[in-house]
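Residue numbers (our numbering): 1 to 315. Using N, Cα and C, we set each Cβ at its ideal position, and we do this for glycine too. Okay, so here's the structure we're looking at.
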Ligand SMILES: Nc1nc2c(ncn2[C@@H]2O[C@H](COP(=O)(O)OP(=O)(O)OP(=O)(O)O)[C@@H](O)[C@H]2O)c(=O)[nH]1
Ligand SMILES: [Mg+2]
């Protein structure tokens, strides 16, 4: 199928076309560029929610319950699960981590996982592109699951319109992480596995810690309790997401947030292209030679970069 044909099929609501386009994004990012450009006029309608938190906190279970709740209202929902498969640990099998089999026969639900391994253009841009595809495909809501560990994961989560941070009771880490600033990207907090008890105390600790930091844009992140396995607290979470959306929309904050995201995206494309141009013009061998000279102490890295830029006539 030609580029326009595939993009048109996505906009027309073909889930096969959407799946194919995301595969192209993953395996041949350059080839995906004209397709993503054709989709762009059809994006901007989906509301994007990032769901992040420590491994095993119940993110997938919670997303699964959210999907069921959203479907009750008839809205179309997409899920992009970023699998933290590491080339060092091997990671878990995708199916084990996602647990969304229930919805496989529902045409109003589109679930896709993105594995860390083997991403040519980087995981964050690939995830953003997949979200764009689901937006153009007609999803009203797109949920993005990441394990809140590395830089790429935080970047993915913060690229959402609302970020939900999921934690569990007794996790002293939750408050530690808050203090360390790792969790400052959260717009909403969920203490999941409330059936295990002590969730109230963990929630109070999170609230106390949050109260020490200045509220961003006047928004105080709510801290909710949930038992994802029983579906408890899920309707409240969906309502809180809606409230955060309304809060941002009423103050022009959503548009501002999306512009900031586009700024980062444009700069990333510029970075990629400039780097590719420098390497093409100066040559990889030249970079090797400069690296050797820096390593031996003959040259400092700034001088080396200047030589490379001058050779590519960009400096
Ligand atoms: N008791 C209890 N168990 C839960 C709850 N929510 C999830 N679980 C269980 O916790 C385990 C991990 O749940 P997942 O939904 O896979 O957690 P996750 O955060 O997506 O995990 P990763 O993607 O591997 O980081 C599973 O065995 C779930 O059944 C809950 O509310 N209560
Ligand atoms: Mg998961």
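Any idea if residue 41 is buried or exposed, counting beta-carbon neighbours within 10 angstroms, 16 or more meaning buried? So residue 41 counts as exposed.
Unbroken alpha helix (DSSP H) run spanning residue 76, endpoints: Per DSSP, residue 76 belongs to no alpha helix (DSSP H) and is neither H nor E.
Report whether the distance from the Cβ of residue 198 to the nearest heavy atom of ligand 1 is below 8 angstroms. no
On the criterion of 16 or more Cβ atoms from any shown chain inside 10 Å, does residue 105 qualify as buried, or is it exposed? Burial call: exposed.
On the DSSP letters alone, give me the boundaries of the beta strand (DSSP E) that residue 165 sits inside. 162–167
Taking the CB atoms as reference points, tell me whether residue 123 and residue 156 lie closer together than 9 angstroms. Closer than 9 angstroms, so yes.
Would you mind stating whether residue 49 and residue 241 have Cβ atoms separated by less than 9 angstroms? yes
DSSP three-state label for residue 83, please. The answer is strand: DSSP assigns residue 83 an E or B state.
Report yes or no: do the segment 241–260 and the segment 213–226 share at least 3 C-beta pairs separated by less than 8 angstroms? yes
C-beta contact flag for residue 154 and residue 142 at 9 angstroms: no
Looking at the unbroken alpha helix (DSSP H) that takes in residue 316, where does it start and where does it end? Within the shown structure, residues of the chain are numbered from 1 to 315, placing residue 316 beyond reach of any answer.
Ligand 2 and residue 27: does any heavy atom of the ligand fall closer than 8 angstroms to the residue's C-beta? no
Using three-state DSSP, classify residue 220 as helix, strand or coil. When DSSP states are grouped into helix, strand and coil, residue 220 belongs to the coil group.
Once DSSP output is grouped into helix, strand and coil, what is the label at residue 8? helix
Residue 263 and residue 159 look like a contact to me (Cβ under 8 angstroms); what is the Cβ gap, rounded to whole Å? The pair is not a contact, with the Cβ atoms about 12 angstroms apart (cut-off 8 angstroms).
Buried or exposed: residue 58, going by 16 or more other Cβ atoms within 10 Å of its Cβ? Burial state of residue 58 is buried, judged by a 10 Å Cβ sphere holding 16 or more other Cβ atoms.
Does ligand 1 have a heavy atom nearer than 8 angstroms to the CB of residue 202? Checking every heavy atom of ligand 1 against the Cβ of residue 202, none is found closer than 8 angstroms.
Taking the beta carbon of residue 96 as the centre, do at least 16 other beta carbons fall within 10 Å, making it buried, or is it exposed? At residue 96, the pLDDT of 45 sits below 50, so the modelled position is not reliable; the number obtained from the coordinates is stated separately. That one is exposed.
Would you tell me roughly how many angstroms separate the C-alpha atoms of residue 47 and residue 13, rounded to the nearest one? Cα-Cα distance, rounded: 17 angstroms.
Exposure label - residue 288; buried when at least 16 CB within 10 Å: exposed
Alpha-carbon to alpha-carbon, residue 68 and residue 34: 34 angstroms
Since I believe residue 62 is in contact with residue 147 (beta carbons under 8 angstroms), could you give me their beta-carbon distance rounded to a whole number of angstroms? About 13 angstroms; that fails the 8 angstroms criterion.
Rounded straight-line distance, which links the Cα of residue 145 to that of residue 167: 13 angstroms
Own chain, CB closer than 7 angstroms to residue 185, minus 5 neighbours either side, in chain order: 154, 157, 158 and 163
Residue 248, buried or exposed, once every other Cβ within 10 Å from all chains shown has been counted against 16: It counts as buried.
Below 8 angstroms CB to CB, which residues in the same chain sit around residue 237 once its five sequence neighbours on both sides are set aside? 62, 66, 164, 188, 190, 224 and 226
Relative to the alpha-carbon of residue 389, which residue among 151, 228, 110 and 19 has its alpha-carbon at the smallest distance? Absent from the structure is residue 389, since the part of the chain shown begins at 1 and ends at 315.
Between residue 258 and residue 161, is the Cβ-Cβ spacing less than 9 angstroms? Yes; because the gap between Cβ atoms is below 9 angstroms, this pair is in contact.
When the Cα atoms are used, what is the spatial distance from residue 268 to residue 205? 37 angstroms
For residue 50, verify whether its CB is less than 8 angstroms away from any heavy atom of ligand 1. no
Residue 7 versus residue 37: straight-line alpha-carbon distance, rounded: In this model, residue 7 and residue 37 are separated by some 9 angstroms (Cα to Cα).
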